[in-house]
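Asker: Take this structure, written in structure tokens, and hold onto it; I'll ask about it next.
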Amino acid sequence: GENVEQHPSTLSVQEGDSAVIKCTYSDSASNYFPWYKQELGKGPQLIIDIRSNVGEKKDQRIAVTLNKTAKHFSLHITETQPEDSAVYFCAATDGGSQGNLIFGKGTKLSVKP
Amino acid sequence: ETGVTQSPTHLIKTRGQQVTLRCSSQSGHNTVSWYQQALGQGPQFIFQYYREEENGRGNFPPRFSGLQFPNYSSELNVNALELDDSALYLCASSPRTGTNYGYTFGSGTRLTVV
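Protein chains in written order, with this note's numbering: chain A, 922 to 1034; chain B, 31 to 144.
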């Protein structure tokens, strides 16, 4: 079955710097790769996603890149702000028809003012 | 447009007991999935419900069961609770089943088994 590895587990940056989180997946049939932000006491919130027919997608300060050959995808946050501090999860579909998600273990991002 | 709502928000149960968690899907969403999130871990897929039938299941024992109702709301039932069942249980809804649609998550139910 699908396996998603996420690195780093913790990331600390200064406000205004960029942050990069990387994930790898194992199932070449996976075709949908969302990123979620989870704040304390809340459920995961979708922040950006990418499908396998696209190599890069950007939404304001957030971008995601996908390398299907290498089976890895990355989240890039530019001009980080303290409110970006949270746990970020990458996920990939499990290759089945239902679109069920397999999550990485998360990255705790801390943005210091 | 209302999002995904879950109840209760917190629950404490004794080992061996049974528990029922509830989820109302986002308006217009007919597919509901349940995830278990242990402390410090990513969510793990339990099962999905579509058209009131189980439509895919993760690596969870049969004591984890569910229901989906005609209004697309859903329940997660766990029998014979074990200490390791302590976790945040997340419900996620989607407009349809399949890989073309994203999921909206609720805030979860924090279950503590003592």
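Virtual Cβ for every residue (Gly too), placed ideally from N, Cα, C. Bear in mind the structure is a predicted one, so any value in this text is a computation, not a measurement.
1) Below 8 Å on the Cβ atoms is my guess for residue 51 of chain B versus residue 119 of chain B; work out the distance and round it to an integer in Å.
2) Among B/125, B/104, B/91 and B/37, which residue has its Cα nearest to the Cα of residue 114 of chain B?
3) Would you mind giving the Cβ-Cβ distance between residue 1001 of chain A and residue 934 of chain A, rounded to the nearest angstrom? I have them listed as a contact below 8 Å.
4) Applying a beta-carbon distance threshold of less than 8 Å, which residues of chain B neighbour residue 1021 of chain A?
5) Listed from N- to C-terminal order along the chain, which residues in the stretch 951-971 of chain A have their beta-carbon within a distance smaller than 9 Å of any beta-carbon of chain B?
6) Since residue 1026 of chain A meets chain B, which of its residues come closer than 9 Å, beta carbon to beta carbon?
7) Is residue 94 of chain B close to chain A? Criterion is C-beta to C-beta, closer than 7 Å.
8) As a quick exercise: from A/1014, A/952, A/1020 and A/998, pick the residue whose alpha carbon is nearest that of residue 125 of chain B.
9) Is the Cβ of residue 994 of chain A closer than 7 Å to any Cβ of chain B?
10) Check this for me: beta carbons of residue 995 of chain A and residue 1030 of chain A, under 7 Å apart or not?
11) Taking Cβ to Cβ, would you say residue 85 of chain B is nearer than 7 Å to residue 127 of chain B?
12) What residues in its chain sit with their C-beta under 6 Å from that of residue 37 of chain B, if we drop five residues either side in the sequence?
13) Name the chain A residues that come within less than 8 Å of residue 9 of chain B, Cβ to Cβ?
14) At a CB-CB cut-off below 8 Å, which residues of chain A make contact with residue 137 of chain B?
Answerer: Taking the coordinates as given:
1) Cβ atoms of residue 51 of chain B and residue 119 of chain B come within 8 Å of each other, at about 5 Å.
2) Of the listed residues, the one whose Cα sits closest to residue 114 of chain B is B/91.
3) Between residue 1001 of chain A and residue 934 of chain A the beta-carbon gap is near 5 Å, inside 8 Å, which marks them as a contact.
4) Within chain B, the residues near residue 1021 of chain A are 63, 75, 78, 86 and 88.
5) Here the close residues are 951, 952, 953, 955, 957, 959, 962, 963, 964, 965, 966, 967 and 970.
6) Neighbours of residue 1026 of chain A on chain B, chain order: 70, 71 and 72.
7) Residue 94 of chain B does not count as touching chain A.
8) The candidate whose alpha carbon is nearest that of residue 125 of chain B is A/1020.
9) Taking Cβ atoms only, chain B never reaches closer than 7 Å to residue 994 of chain A, which makes this a no.
10) Contact: no.
11) Cβ distance < 7 Å, so residue 85 of chain B and residue 127 of chain B count as in contact.
12) If the five residues before and after residue 37 of chain B are omitted, its C-beta is found closer than 6 Å to the C-beta atoms of 52, all from its own chain and listed in chain order.
13) With chain B represented from 31 up to 144, any question about residue 9 of chain B goes unanswered, as that position is not in the structure.
14) Listed along the chain, the chain A residues whose CB falls inside 8 Å of the CB of residue 137 of chain B are 962, 963 and 964.
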